[in-house]
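All remarks here apply to the structure that follows.
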Amino acid sequence: MPLRFRLFIISFIAIFLLSACEKEERIGRYGMLDENTPEYTAVMFIRGVYLDENLDRAVELSTDRMARILKRYHTQNNVQRHVFNLKYDTVEVTPQTSQSVGRTEYADNANVTLFFSGQYNGDKVEDLRTLELKKVSGQWKVDKIQADPFL
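End of the sequence shown = 147 in my numbering, gap-free, step of one.
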């Protein structure tokens, strides 16, 4: 085989493999939410509970206290039902927008309100939950899920 043909085949395979890799969907308005914010951690935690195949990401983004609670329920359905009291078949989660840019950089605690919008048994369900986060070793971790004030 001529050298040019080999290079063409190798470059074609390399381009094909690289284009097959997909980046994780960005979150926040226009996909610009910074990864070092409590809002980003809260949304990724919720994705771990509602969208992932298991609870690994949610446990990783939790304090030891919350991780023990999540592990006790074993599955996402149980966590949705008993910890959040909020079940969805499909869900979209967005953090509350605020003008507190830069205010969480030096904070050790944060409360993040998340808006849930999705479907459950064919019905549209919208709700909100507030998560309490703590900074542990420089990383934001979910510590508590506040009870729904309207129940």
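Glycine residues also receive a C-beta, built at the ideal position from the N, C-alpha and C atoms.
It should be emphasised that the depicted structure is a prediction, and the values quoted were computed from it without experimental measurement.
Here Y36 is buried: its Cβ has 16 or more other Cβ atoms, across all protein chains shown, within 10 Å.
Inter-residue distance for D48 and L(-1) is about 45 Å (C-alpha atoms, whole angstroms). Segment contact: the segment 52 to 67 against the segment 136 to 145, three or more CB-CB distances shorter than 8 Å; contact assigned. Look at Y116 here: in three-state DSSP terms it is strand. For D139, the enclosing beta strand (DSSP E) stretches over residues Q135 to I141. In the DSSP assignment, P34 falls outside any beta strand (DSSP E) and within the unbroken alpha helix (DSSP H) covering P34 to Y46. The C-beta of T33 has 16 or more other C-beta atoms within 10 Å across all chains shown, which makes the residue buried. Y116 and L82 have their C-alpha atoms roughly 10 Å apart. L129 and K140 have their alpha carbons spaced roughly 7 Å apart. For E56, the enclosing alpha helix (DSSP H) starts and ends at D52 to E56.
When the Cα atoms are used, A38 and L110 turn out to be separated by approximately 8 Å. DSSP, reduced to helix, strand and coil, places A63 within a helical segment of the structure shown. Take G44, set aside five residues on each side of it, and the residues of its chain with a beta-carbon closer than 6 Å to its own are R53 and A54, in chain order.
Around the C-beta of A106, 16 or more other C-beta atoms lie within 10 Å, and the residue is accordingly described as buried.
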